[in-house]
Structures are given as C-alpha cells and as structure tokens.
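Participant: In terms of this note's numbering, the sequence shown is residues 159 to 571. Here a beta-carbon is modelled for each residue, glycine too, at the ideal position from N, C-alpha and C. Sharing a structure with you now.
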Amino acid sequence: MRVLLIGSGGREHALALGLAADPSVEELIAAPGNPGIASMATVRDVMATDPGAVAELAVEVAADLVVIGPEAPLVAGVADAVRAKGIACFGPSAAAAQLEGSKAFAKDVMAAAGVPTGLSHTCVSAEEAAAALAEFGPPYVVKNDGLAAGKGVVVTDSLAAAQQHATDCGRVVIEEFLDGPEVSLFVVTDGTAAVPLMPAQDFKRVGDGDTGPNTGGMGAYAPLTWAPADLVERVMVETVTPTLAEMRKRGTPFAGLLYVGLALTGKGPKVIEFNARFGDPETQVVLALLASPLGGLLHAAATGTLADFPPLSWHEGAAVTVVVASHNYPGTPRVGDVIEGGELSGVIHAGTARRQDGALVSSGGRVLSVTATGADLANAREAAYELVDGITLDGSHHRTDIALAAVEGRITM
C-alpha cells in the first residue's frame, strides 16, 4: 500500500512512525513533512490546505490511501477533493469537519444527539457575551467559534480577560466550566463502525501546575490507570454512537478520527470539545503503545470496512511525551535556533527545519515532542525527561510535571 500523509507537525511525525512500522505500507510519502518525517518517508512540497493541489499530488504518486493530519485541510475540503479522485482518504468531509471547525455547530450536534456536555451560549456581540458571562460566572470559559490552532480557548477568573477574548474573537461560544480531570479519547470511525483507542491526558497550560496561558499542548501520557474502568464504554454509548448517528441523519456522516475531549465531572464524563483529527501531543503517546497495524486500521476506516478489522492490540507499559517549546511560546516564537539532539530515538519533530548548511533549527512554537515508553508510567516519565536532557535549544522551555500527579497518585475523581 502506498500512503500519502498530509501535514508537517509532531502529530504527523508520530503518524509517520506508526505507518512506517506497518508491513502493509510499502511506500510512505509525506507532504510537506518535516526533517524528522524525512528520515522515513519521501517528502514532497504541497500547500496542505489546497484541495486541488493535494488531490493532484495523490494522483501523481498513485496513493492507495491519503491520511490527513491537521484540522485546517479537513475544514478546507481536502478529503472531499481526494475522494473525488477515487482515492481512499482518512479524514472527514468539510461538512463533517465542522464538528471542529465551529464550536457552535458542535454544540448544536451535541444538543440534538443528547450528548452530555456543558450548557453554553453562542455570542456575536459584547452585550450577548456579557449576559452569558454573568449567567455562568467564574471560572469563565470563552471559546473562539472557529479554528485557532489549540489556542482559541480562555479559561479565567478574570471577567475583563474573558470579555477581551470574546471581543478579540468576534463570534464565541461561552459555556459553563466543567470541573474534573480532563481526558482525550480518539475514536477511529468509518461513519458507522467505531473503534476507540486508548484514552490519554494532555497538558494545555504552558507552565507547571497548570499555570499560564493555554497552548496547543505541552505534554501527554497514557494509559490512565486512575480513570474509571467503564470510561471508554460509557463514552462510546453516551457520546460517540449518538453523535455519529446524528451526523448520518444530517447527511454528513463523519468518517475519520473523532477526538472527544472530556471532563470527568462528578456527574460523569461530559464533552468539552470535539476535534476532527488526532490530537497533538496525545497522538505521540497513544500510537507509541498501539501494536495493531496503523495503516491497515486507517485504510479500513477510509474504505468502510472497519467492522471487519480485528480487535486492537496494545503494548504493555506506558508512554510519556514532553514538548520542548521555543523561546516566548505561546507568544510569537523565536525561530532559527540550532537544535542539538533532534536525531535521538524518541524525539518527534514538530516545528523544525533544515538550514541550508544542514543544521537542524527551530521553525515554530512547539519544536519537539520527546517521547518515551516504559514498563510503567514512572519509568516512562523518567525516560522521557532523560531524553529531554539530551536536547539543546537556546531559549527553549518545557514543563517539568508531565504525568507527575498520576505517578504520585494525586488525581482524584
């Protein structure tokens, strides 16, 4: 099978590692890729959000399967253009990708499907935002209705900060705060059949102790030994199955990766958000533990044969990833700094580039996802931070508490 992987971040490097390990994947092409991906795939240049260009490239390389990593190409209709060429594609249509492309659309689907989630209001004026903020009170949760690269959500006790974010975004969803540990659950689906992967937990705040502004994600770990034993089964019954049914009812079946972001509240798991693709950096730890062939799984979802795919198998142990970020991230990052240690095994590239002289340099905010596995979570965490110590990047920063609460048994339901 010849696979074309679209994207250039850490999620795509993790996907490339999984696809390259699948014996059925005879050739892997990535566009536009990154220096880490280039070590295992043929890299081609393409504008990932240009449906016509991606579809033409898929035809040119005679792809048997196209895997779309990021959300922006999905919302732009890249999957539709690829399928129009008769090529199997893992990723939802533009219409279905509105589950991530519009927070208001996702809330409407959840309401129609009876999915447990927080109360919310969609606001387009300062007056509407003020009324919603007054209704829910602090902590205030204000979400940009559209795509914002994981940084469109503000959770704050400051009414002024909440109002400013609403003003800056224009159209927002303001909702009640959902208290409890957060969990990410990835579900592979062909629109009808659905296969859950291993739940993971990520860390969105930039600083230790969940301090500072939200980011695209500063680290993650799996499995969640503290989570309720029936968590996945309950989310599949209460959330995933009715959501997929509602999408089919609307004539826009969702086929691809449904990311369910959850808060485990005192009243059970409630949906914080849907995404239409693998999460970053949770993908790095989930796929590190997946023993089943990734290419075969994604191909089955893309071709409507997921119900026939064998039950998933998993490696023993745990995985931890720690994000090494550029100076000033999540503000405007400094780029062009030389990276040493980027070729170490387990170092996943996210925001990297090759300089003309061949040096590996930073090119984005989240530069590397340093990922390790171990016999248990403590061992995986220790191995991940040992790898981080082997990285040199001037001005970089990372959280030092990824998975620490779980290792120390401090997460309570």
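Threshold first: 3 residues or longer. Then list the beta strand (DSSP E) segments lying entirely within the region 283-310, N to C.
Facilitator: Fully enclosed beta strand (DSSP E) runs of 3 or longer: 298-302.
Participant: Under the three-state reduction of DSSP, which class applies to residue 255: helix, strand or coil?
Facilitator: In the structure shown, residue 255 sits in coil (DSSP, three-state: anything other than H, G, I, E or B).
Participant: Closer than 7 Å by C-beta to residue 364: which residues in its own chain qualify, once you throw out the five before and the five after it? Chain order, please.
Facilitator: Same-chain partners within the cutoff: 370, 371, 373, 376, 488.
Participant: According to the neighbour-count rule (16 or more other Cβ atoms, all chains shown, within 10 Å of its Cβ), is residue 453 buried or exposed?
Facilitator: With 16 or more other Cβ atoms within 10 Å, it is buried.
Participant: Given 8 Å as the limit, is there contact between the region 458-465 and the region 436-448, that is, 3 or more CB pairs closer than that?
Facilitator: Result no; under three Cβ-Cβ pairs closer than 8 Å.
Participant: Between which two residues does the beta strand (DSSP E) holding residue 352 run?
Facilitator: 352-354 is the extent of the beta strand (DSSP E) around residue 352.
Participant: Report the rounded CA-to-CA distance for residue 492 versus residue 392, giving the unit in angstroms.
Facilitator: Distance between the alpha carbons of residue 492 and residue 392: 43 Å.
Participant: Which whole-angstrom value describes the C-beta separation of residue 300 and residue 323, a residue pair presumed to lie in contact below a C-beta threshold of 8 Å?
Facilitator: The pair is a contact, with the Cβ atoms about 5 Å apart (cut-off 8 Å).
Participant: For residue 530 and residue 536, what's the separation of their Cα atoms in angstroms?
Facilitator: C-alpha separation (whole angstroms): 11 Å.
Participant: Among all the DSSP beta bridges, which residues are the ones paired with residue 337?
Facilitator: None, per the DSSP bridge assignment.
Participant: Taking the continuous beta strand (DSSP E) assigned at residue 161, which residues delimit it?
Facilitator: Its beta strand (DSSP E) spans residues 160-165.
Participant: Specify the secondary structure class of residue 195 as computed by DSSP and reduced to three states.
Facilitator: Residue state, collapsed to three classes: helix.
Participant: Report the option in 409, 261, 495, 248 whose CA atom is closest to the CA atom of residue 226.
Facilitator: For the residues 409, 261, 495, 248, the minimum Cα distance to residue 226 belongs to 248.
Participant: Between the alpha carbons of residue 348 and residue 252, how many angstroms are there, rounded?
Facilitator: C-alpha separation (whole angstroms): 15 Å.
Participant: Roughly how many whole angstroms lie between the Cα atoms of residue 331 and residue 280?
Facilitator: Their Cα atoms are separated by approximately 4 Å.
Participant: Who does residue 379 pair with in a DSSP beta bridge?
Facilitator: Bridge partners of residue 379: 359, 478.
Participant: Given this structure, state the Cα-to-Cα distance separating residue 366 from residue 166, to the nearest angstrom.
Facilitator: C-alpha separation (whole angstroms): 27 Å.
Participant: Pairing CB atoms from the region 289-299 with CB atoms from the region 393-401, are three or more of them under 8 Å?
Facilitator: Too few Cβ pairs lie closer than 8 Å, so no.
Participant: Taking the alpha-carbon of residue 521 as reference, which of 551, 273, 434 has the nearest alpha-carbon?
Facilitator: Looking at the Cα atoms, 551 is the closest of the given residues.
Participant: Looking only at its chain, what residues have a beta carbon closer than 6 Å to the beta carbon of residue 473, apart from the 5 residues adjacent to it on each side?
Facilitator: Around residue 473: 447, 449.
Participant: Among 458, 497, 354, 486, which has the Cα closest to the Cα of residue 596?
Facilitator: Given a span of 159 to 571 for the chain in the structure shown, any question on residue 596 remains unanswerable.
Participant: Identify whether residue 524 lies in helix, strand or coil by the three-state DSSP scheme.
Facilitator: Strand at residue 524.
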